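Colleague: One structure follows; several queries about it will come next.
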DNA sequence: ACTTTGGAAATTATGCATTTTATATTGTAA
DNA sequence: TTACAATATAAAATGCATAATTTCCAAAGT
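Chains as they are written, first to last, in the working numbering: chain A, 19 to 271; chain B, 19 to 271.
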């Protein structure tokens with residue numbers, strides 16, 4: 019992990035993981051000089067990393083005007099979730115149809131690891147632990163991998179990573195108690211029993227519930243009781259992005 | 019088309035269109051200096067363009083070893099085609115369900131333009147005309163756009179563009195006579211009649227036939243008088259991952 | 001025949017010059 | 001005095017040329 023083959027790739031990987039973890043606020047300006055100092059690399063490396071991230075959709079590039087963190091929006095989350103349900107369903111059906119013993123074993127292993135990894139790094143602050151995030155990612159990855167289609171898995175990974183931004187963004191805000199272990203276990207059981215319909219239904223419910231929690235958290239933060247008037251002080255900073263202006267999610271801290 | 023907002027974006031667009039048209043042979047080394055001279059820009063712009071294209075999977079980046087044109091392979095084409103069938107089906111069903119009058123009108127218009135655009139720029143050499151390629155792209159684009167899902171349309175576009183490399187690669191080799199106009203017309207008719215099952219079935223046949231023509235052309239070129247052997251090695255990795263070596267398609271010219 | 005060593009070429013990284021954009025200041029008019 | 005506008009200053013992004021590693025290729029030596 020600490021041996022990136024080039025400075026450019028190292029900067030890319032670091033910046034990407036920080037973006038996925040929402041360490042940068044959506045819509046925030048990404049100044050090249052700041053990033054140069056932060057990662058101790060030249061501007062070429064930073065620019066190249068930003069270009070790649072832009073083509074992946076994690077940052078937006080405004081010509082002659084630099085780069086910004088890609089915005090989050092409730093509309094985009096709804097769309098993303100629906101599409102992700104469709105793609106995960108394709109993966110799951112394929113995996114259940116074609117998955118062999120190797121797949122089954124990996125699913126069992128990934129489930130075990132997931133259910134035995136502590137969820138919270140800081141229970142009070144409700145911050146997800148990196149280990150749990152990792153285990154969660156590999157569980158879903160392994161579950162889908164059985165379909166054996168590189169392209170389908172690639173599309174799935176793209177959607178998963180974009181969902182991750184929303185998940186991390188609202189992680190600490192989550193106030194709903196849900197039995198994540200049970201959800202994951204039931205999905206895995208249905209898949210291993212080759213019950214496609216049930217597995218897909220459970221997966222869809224799983225994804226939609228996660229999205230609903232994020233959406234509820236955002237809307238309750240926007241209009242709790244019209245009390246928080248200090249939510250957006252002077253630096254209101256409403257950059258007119260090219261698309262998805264409506265209902266944009268902004269950072270609250 | 020002649021007003022790219024920056025040199026970088028201009029170089030990116032040009033190089034991309036040349037890659038899609040297979041003006042560079044798959045697997046070919048892309049030397050930065052050559053590209054600098056060819057596009058009359060600095061190495062920064064070229065490097066940035068290559069980075070973006072790498073993250074889109076059109077070129078592969080080998081650390082400390084530069085960039086190469088992403089390889090083509092029969093396994094990748096088979097997988098790509100299957101996934102594309104699934105995604106186009108999702109778009110089509112969504113469009114048929116949600117598409118309104120505006121969508122219908124655009125489909126009719128795109129079909130008209132498509133069927134009235136000459137297919138070949140050079141009949142003897144069987145080279146597709148750029149106008150036809152454009153009309154063909156917008157027809158499929160418009161047909162899918164009715165679903166109204168930005169993410170789904172994005173995934174569709176990614177797959178379409180990657181298919182384009184295979185299409186252009188084998189364009190001049192195509193020896194099969196097919197009634198493309200009829201295929202497109204029947205798809206559009208079924209969609210406008212809201213016959214999802216028929217539309218999807220026709221679309222799948224359309225895509226699979228196109229792929230089959232490419233595969234036949236390649237195999238007949240490789241082993242002119244031998245039967246096509248269908249092997250399925252299992253270690254095909256993601257498009258931006260390590261390249262798949264087996265059964266790679268190389269340039270014959 | 002195989003390994004080692006040398007040189008050439010290409011990629012990678014950095015710093016600087018140029019051009020564009022954003023901000024602040026000042027001046028003018030209502 | 002306030003509001004608006006034009007200019008000037010500052011900051012940032014873009015592009016390029018050069019420097020420094022690394023890799024590749026070939027020739028020489030064991």
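Beta carbons are placed, not taken as given, at the ideal position from N, Cα and C, and that holds for glycine. Since the structure is predicted, the reported quantities are computational estimates derived from the model, not experimental observations.
At what residues does the alpha helix (DSSP H) containing residue 35 of chain A begin and finish?
Modeller: As a position in the first chain, residue 35 of chain A is number 17, starting the count at 1. Note, residue 35 of chain A: alpha helix (DSSP H), 25 to 38.
Colleague: Say whether chain A places a C-beta atom closer than 8 Å to the C-beta of residue 249 of chain B.
Modeller: Walking along the second chain from the start, residue 249 of chain B turns up at place 231. Reliability fails at residue 249 of chain B, whose pLDDT of 34 lies under 50, so the model's placement of it is uncertain and the value that follows must be treated cautiously. Not closer than 8 Å to any Cβ of chain A, the Cβ of residue 249 of chain B fails to qualify, so no.
Colleague: For residue 140 of chain A, which of helix, strand or coil comes out of DSSP?
Modeller: Position 122 of the first chain, counting from 1, holds the residue named residue 140 of chain A. Three-state DSSP puts residue 140 of chain A in a strand.
Colleague: What are the complete alpha helix (DSSP H) segments, minimum 4 residues, inside the stretch 168 to 248 of chain A?
Modeller: Whole alpha helix (DSSP H) segments, 4+ residues: 168 to 188, 198 to 210 and 214 to 240.
Colleague: Quick one: grab the DSSP three-state call for residue 84 of chain A.
Modeller: Residue 84 of chain A sits at position 66 when you count from the first residue of the first chain. Correct three-state label for residue 84 of chain A: strand.
Colleague: Can you say whether residue 106 of chain A is buried or exposed, counting buried as having 16 or more other CB atoms within 10 angstroms of its CB?
Modeller: Start at 1 with the first residue of the first chain, and residue 106 of chain A comes out as number 88. Buried is the call here.
Colleague: Starting from residue 173 of chain B, find everything on chain A with Cβ-Cβ shorter than 9 Å and list it in chain order.
Modeller: As a first step, residue 173 of chain B must be located in the second chain, where it is residue number 155. Ordered by position in chain A, the residues that pass the 9 Å Cβ test against residue 173 of chain B are 101, 105, 173, 176 and 177.
Colleague: Could you name the residues of the same chain whose beta carbon sits closer than 7 Å to that of residue 98 of chain B, not counting the 5 residues immediately before and after it, in chain order?
Modeller: Locating residue 98 of chain B in the second chain gives position 80, counting from the first residue. So the list reads 177, 180 and 181, once near-sequence residues are dropped.
Colleague: With H, G and I counted as helix, E and B as strand and the rest as coil, what does DSSP make of residue 267 of chain B?
Modeller: Within the second chain, residue 267 of chain B is the residue found at index 249, counting from 1. Looking at residue 267 of chain B - three-state DSSP - the assignment turns out to be strand.
Colleague: Please tell me whether residue 209 of chain A and residue 161 of chain A are closer than 8 Å, where the distance is taken between their beta carbons.
Modeller: Residue 209 of chain A sits at position 191 when you count from the first residue of the first chain. Residue 161 of chain A sits at position 143 when you count from the first residue of the first chain. In this structure, residue 161 of chain A lies closer than 8 Å to residue 209 of chain A by Cβ.
Colleague: Take residue 217 of chain B and list the residues in its own chain whose beta-carbon comes closer than 7 Å to its own, dropping the five residues that flank it on each side.
Modeller: Working through the second chain from its first residue, we reach residue 217 of chain B at position 199. Here the set comprises 110, 114, 205, 208 and 209.
Colleague: Compare the C-alpha of residue 156 of chain B against each of B/175, B/68 and B/140 and name the closest.
Modeller: Numbered from 1 along the second chain, position 138 holds the residue referred to as residue 156 of chain B. Ranking B/175, B/68 and B/140 by Cα distance to residue 156 of chain B puts B/175 first.
Colleague: Assign residue 126 of chain A to buried or exposed, taking buried as 16 or more other Cβ atoms, counted over all protein chains shown, within 10 Å of its Cβ.
Modeller: If you number the first chain from 1, residue 126 of chain A lands on position 108. Classification of residue 126 of chain A: exposed, given that the 10 Å Cβ count is below 16.
Colleague: So which residues on chain B does residue 65 of chain A lean against when the C-beta distance must stay under 8 Å?
Modeller: Walking along the first chain from the start, residue 65 of chain A turns up at place 47. The answer, in chain order, is 62 and 66.
Colleague: Alpha carbon to alpha carbon, what distance is there between residue 220 of chain B and residue 136 of chain B?
Modeller: Counted from its first residue, the second chain places residue 136 of chain B at position 118. Counted from its first residue, the second chain places residue 220 of chain B at position 202. Their Cα atoms are separated by approximately 23 Å.
Colleague: Quick one: grab the DSSP three-state call for residue 250 of chain B.
Modeller: One-based indexing of the second chain puts residue 250 of chain B at position 232. For residue 250 of chain B, the predicted model reports a pLDDT of 33, less than 50, meaning its position is unreliable; a value from the coordinates is still stated below. Residue 250 of chain B: coil per DSSP, three-state reduction.
Colleague: Could you name each continuous beta strand (DSSP E) segment of 3 residues or more that falls completely within the stretch 59 to 120 of chain B, going from the start of the chain to the end?
Modeller: The qualifying runs are 77 to 80 and 84 to 87.
Colleague: Excluding five sequence neighbours on each side, which residues of the same chain lie with their C-beta closer than 6 Å to the C-beta of residue 131 of chain B?
Modeller: For the purposes of this step, residue 131 of chain B is taken as the residue at position 113 of the second chain. Correct list, in chain order: 153.
Colleague: Have a look at residue 62 of chain A and residue 62 of chain B and give me their C-alpha separation to the nearest angstrom.
Modeller: Your numbering for residue 62 of chain A matches position 44 in the first chain. Your numbering for residue 62 of chain B matches position 44 in the second chain. In a straight line, the C-alpha of residue 62 of chain A is about 7 Å away from that of residue 62 of chain B.
Colleague: Taking DSSP's pairing of strands, which residues face residue 145 of chain B in a bridge?
Modeller: One-based indexing of the second chain puts residue 145 of chain B at position 127. The partner list for residue 145 of chain B (beta bridge, DSSP) reads B/140.
Colleague: Which one of B/226, B/50 and B/134 has the shortest CA to CA distance from residue 83 of chain B?
Modeller: In the second chain, the residue the question calls residue 83 of chain B occupies position 65. Nearest option by C-alpha distance: B/50.
Colleague: Would you call the stretch 69 to 79 of chain B and the stretch 73 to 91 of chain A in contact, with 3 or more CB pairs under 8 Å?
Modeller: Result yes; three or more Cβ-Cβ pairs closer than 8 Å.
Colleague: Tell me, please, whether the CB atom of residue 7 of chain B is closer than 8 Å to any CB atom in chain A?
Modeller: With chain B covering 19 to 271 only, the question about residue 7 of chain B has no answer from this structure.
Colleague: Taking residue 23 of chain A as the query, report the chain B residues whose CB atoms sit under 9 Å from its CB, ordered along the chain.
Modeller: Translated into the one-based positions of the first chain, residue 23 of chain A becomes position 5. The answer, in chain order, is 81 and 82.
Colleague: So, using beta-carbon positions, are residue 46 of chain A and residue 96 of chain A closer together than 8 Å?
Modeller: Residue 46 of chain A sits at position 28 when you count from the first residue of the first chain. Residue 96 of chain A sits at position 78 when you count from the first residue of the first chain. No, they are not a contact pair.
Colleague: Give me the Cβ distance between residue 92 of chain A and residue 211 of chain A, rounded to the nearest whole Å; I'm assuming they're in contact under 8 Å.
Modeller: The sequence position of residue 92 of chain A within the first chain is 74, counting from 1. The sequence position of residue 211 of chain A within the first chain is 193, counting from 1. 36 Å between Cβ atoms; not a contact.
Colleague: For residue 163 of chain B and residue 140 of chain B, I'd like the C-alpha separation in whole angstroms.
Modeller: To locate residue 163 of chain B, count along the second chain from 1; it is residue 145. To locate residue 140 of chain B, count along the second chain from 1; it is residue 122. Computed Cα separation, rounded: 31 Å.
Colleague: Can you find a heavy atom of the ligand ZN that lies under 7 Å from the Cβ of residue 77 of chain B?
Modeller: Ligands displayed in this structure: none; no statement on the ligand ZN is therefore possible.
Colleague: Just the chain A side, please: which residues come within less than 8 Å of residue 168 of chain B by C-beta, in chain order?
Modeller: Stepping through the second chain from its first residue, residue 168 of chain B is reached at position 150. Neighbours of residue 168 of chain B on chain A, chain order: 94 and 97.
Colleague: Please compile the residues from chain B whose C-beta is within a distance smaller than 7 Å of the C-beta of residue 70 of chain A.
Modeller: Reading the first chain from its first residue, position 52 is the one you call residue 70 of chain A. Simply 69, 70 and 73.
Colleague: Please list, in chain order, all residues of the same chain as residue 121 of chain B whose beta carbon is under 6 Å from its beta carbon, the five residues on each side excluded.
Modeller: If you number the second chain from 1, residue 121 of chain B lands on position 103. Same-chain partners within the cutoff: 164.
Colleague: Tell me, please, whether the CB atom of residue 108 of chain B is closer than 8 Å to any CB atom in chain A?
Modeller: Your numbering for residue 108 of chain B matches position 90 in the second chain. Yes, contact with chain A.
Colleague: Quick check: what's the CA-CA separation for residue 166 of chain A versus residue 24 of chain B?
Modeller: Along the first chain, one-based indexing puts residue 166 of chain A at 148. Along the second chain, one-based indexing puts residue 24 of chain B at 6. Taking the straight line from one Cα to the other gives about 40 Å.
Colleague: Between the stretch 121 to 142 of chain B and chain A, which residues of the former have CB atoms less than 8 Å from a CB of the latter, in chain order?
Modeller: For the stretch 121 to 142 of chain B, which is checked against every Cβ of chain A, not one residue is closer than 8 Å.
Colleague: So that I know if they touch, is there some Cβ in chain B lying closer than 8 Å to that of residue 154 of chain A?
Modeller: Your numbering for residue 154 of chain A matches position 136 in the first chain. It does not; no Cβ of chain B falls within 8 Å.
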